[in-house]
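Enquirer: This structure is in structure tokens; I'll ask about it shortly.
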Amino acid sequence: PPNVHCKRVDQESLKCAMETVLKNDTGPEPAYDPKATTNGIRYQTDVIIYLLENGARQVHKQPEEACLLFIGYKDWYEAFKSVHCQNKEPPKYVIKAYEAKQNIVIDYDRRKVIKEIDSGDIPDIAANVALYWESKDKSFFYIDDLSKPKLRVINEKNITYRLLKYKDDNLIVCDQIHGLKGRAKEGFLRILGKARMTQYRIVPAEDRAQYVLMETKKWFFTWKNDLKIGFDGVTTDGVSNEKAKQTLHRKIKIQYEHSSKDLDYLLIPSAQVAECDCN
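End of the sequence shown = 300 in my numbering, gap-free, step of one.
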């Protein structure tokens, strides 16, 4: 869209967000380990939502000025290292994103996200999100040894999704995911090759864990897997909490303002970001 303004999120703001989302109300230990690969999606969405709620302040109301948030690959990497790694090496998924120079852009103008809600509640947070890099490399991958089954996770050059949060039950939805693939390293699914992740739902669980509903597709087939991911990233099959399971599986049907193919407007060259602001 024309006249889009872009705001760069600085390292100090990222550090604040990264520290805050891991605060644990029941003790001094962090809510979960962001260095565990299986906690990566949870961590990224938690940080983005914190920025939207506390920086952009998008809760139901429209932003005063249409604006995109830009998180540069180097700022994310340096903030992550400072907050979580000290003198240790960052996890592989963070290093790979840094080496690829993978930036993040978030559009938090609800008018450009949701057109109509056919079924389900109104989300408190709604945003279009893109992860991308500007080089000619088509993809990168890393091995997730904590997932079940073990996965070869593939990030394509452009990844887009819709980020939704429902505060009443703390449900987070990454919907219409494009550009994120996985290939099982073991078990029956290994013979199917690469499958596309299309949706990822999260609700908090007891013991600092998370319950997840992951949807993947290959050809004409769709799989939905219920998982519990511990605070340390260790994954087990199934969701034992019936209320959480109902929350994960509840019907949500949304007509989005733009098709996924029309989210290319988020792929802003990083050289242009420093020249514009929306303070």
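Backbone N, C-alpha and C define an ideal beta-carbon position, used for all residues, glycine too. Quick caveat, the model's predicted, so the values are computed rather than measured.
#1: Report the residue from Glu50, Asp196, Ile180 whose alpha carbon sits nearest the alpha carbon of Ile275.
#2: Measuring CA to CA, which of Asp189, Ile135, Tyr163 is closest to Tyr182?
#3: Per DSSP, which residues does Thr219 bridge with? Please list them.
#4: May I ask you to list the residues that DSSP assigns as paired with Asp258?
#5: Can you name the start and end residues of the beta strand (DSSP E) that Asp67 belongs to?
#6: Enumerate in chain order the residues of its own chain whose CB-to-CB distance from Trp244 is below 6 Å, with the five nearest sequence positions on each side excluded.
#7: If you count every other CB in all the chains shown that lies within 10 Å of the CB of Ala292, and 16 or more means buried, which is it?
#8: Suppose the cutoff is 6 Å on Cβ atoms and the five residues either side in sequence are ignored; what does the same chain contact list for Glu177 look like?
#9: Quick one: is Asp96 buried, meaning 16 or more other Cβ sit within 10 Å of its Cβ, or exposed?
#10: Could you spell out where the alpha helix (DSSP H) holding Val115 opens and where it closes?
#11: Count the other CB atoms within 10 Å of the CB of Thr41; is the residue buried (16 or more) or exposed (fewer)?
#12: With a Cβ-Cβ cutoff of 8 Å, do Ile193 and Lys186 count as a contact?
#13: Would you say Gln231 and Arg63 are within 8 Å of each other, going by their C-beta atoms?
#14: What does the Cβ neighbour count give for Lys133, buried or exposed, with the cut at 16 atoms within 10 Å?
#15: If you follow the beta strand (DSSP E) that Cys37 is in, where does it begin and where does it stop?
#16: Am I right that Phe252 and Arg229 are in contact with their C-beta atoms under 8 Å? What's the rounded C-beta distance?
#17: State the Cα-Cα distance for the pair Glu137 and Val104, rounded to the nearest angstrom.
#18: Would you say Lys56 and Tyr94 are within 8 Å of each other, going by their C-beta atoms?
Expert: The structure says:
#1: Residue mapping note: residue 275 aligns to position 254 of the sequence shown, counting from 1. With distances taken between Cα atoms, Ile275 lies closest to Asp196.
#2: Position 161 of the sequence shown, counting from 1, holds the residue named residue 182. Here the closest residue by C-alpha is Ile135.
#3: Looking up residue 219 in the sequence shown gives position 198. DSSP output for Thr219 lists no bridge partner at all.
#4: Taking the sequence shown and counting its residues from 1, one reaches residue 258 at position 237. Per DSSP, Leu248.
#5: By one-based count along the sequence shown, residue 67 stands at place 46. Premise fails: Asp67 lies in the alpha helix (DSSP H), 61 to 72, not in any beta strand (DSSP E).
#6: By one-based count along the sequence shown, residue 244 stands at place 223. Correct list, in chain order: Thr237.
#7: Here residue 292 corresponds to residue number 271 of the sequence shown, with the count starting at 1. Counting Cβ neighbours within 10 Å, Ala292 comes out exposed, since fewer than 16 surround it.
#8: What you label residue 177 is simply residue 156 of the sequence shown in a count that begins at 1. Once the five neighbours on either side are set aside, the close Cβ partners of Glu177 are Ser160, Gly200.
#9: For this step, residue 96 is matched to residue 75 along the sequence shown. With 16 or more Cβ atoms within 10 Å of its Cβ, Asp96 is classed as buried.
#10: In the sequence shown, the residue the question calls residue 115 occupies position 94. In the DSSP assignment, Val115 falls within the unbroken alpha helix (DSSP H) covering 113 to 121.
#11: Stepping through the sequence shown from its first residue, residue 41 is reached at position 20. The residue in question, Thr41, is exposed, as its Cβ has fewer than 16 Cβ neighbours within 10 Å.
#12: On the sequence shown, residue 193 is found 172 positions in, with the first residue counted as 1. On the sequence shown, residue 186 is found 165 positions in, with the first residue counted as 1. Less than 8 Å divides the Cβ of Ile193 from the Cβ of Lys186.
#13: Within the sequence shown, the letter at position 210 stands for residue 231. Within the sequence shown, the letter at position 42 stands for residue 63. Yes; because the gap between Cβ atoms is below 8 Å, this pair is in contact.
#14: Within the sequence shown, residue 133 is the residue found at index 112, counting from 1. Looking at its Cβ environment, which holds 16 or more other Cβ atoms inside 10 Å, Lys133 is buried.
#15: Working through the sequence shown from its first residue, we reach residue 37 at position 16. Counting along the chain, Cys37 sits inside no beta strand (DSSP E); it lies in the alpha helix (DSSP H) bounded by residues 32 to 42.
#16: As a first step, residue 252 is located in the sequence shown; it is residue number 231 there, counting from the start. As a first step, residue 229 is located in the sequence shown; it is residue number 208 there, counting from the start. About 4 Å; that satisfies the 8 Å criterion.
#17: Within the sequence shown, numbered from 1, the residue matching residue 137 stands at position 116. Within the sequence shown, numbered from 1, the residue matching residue 104 stands at position 83. Between Glu137 and Val104, the C-alpha separation is close to 39 Å.
#18: For the purposes of this step, residue 56 is taken as residue 35 along the sequence shown, with counting starting at 1. For the purposes of this step, residue 94 is taken as residue 73 along the sequence shown, with counting starting at 1. No; because the gap between Cβ atoms is not below 8 Å, this pair is not in contact.
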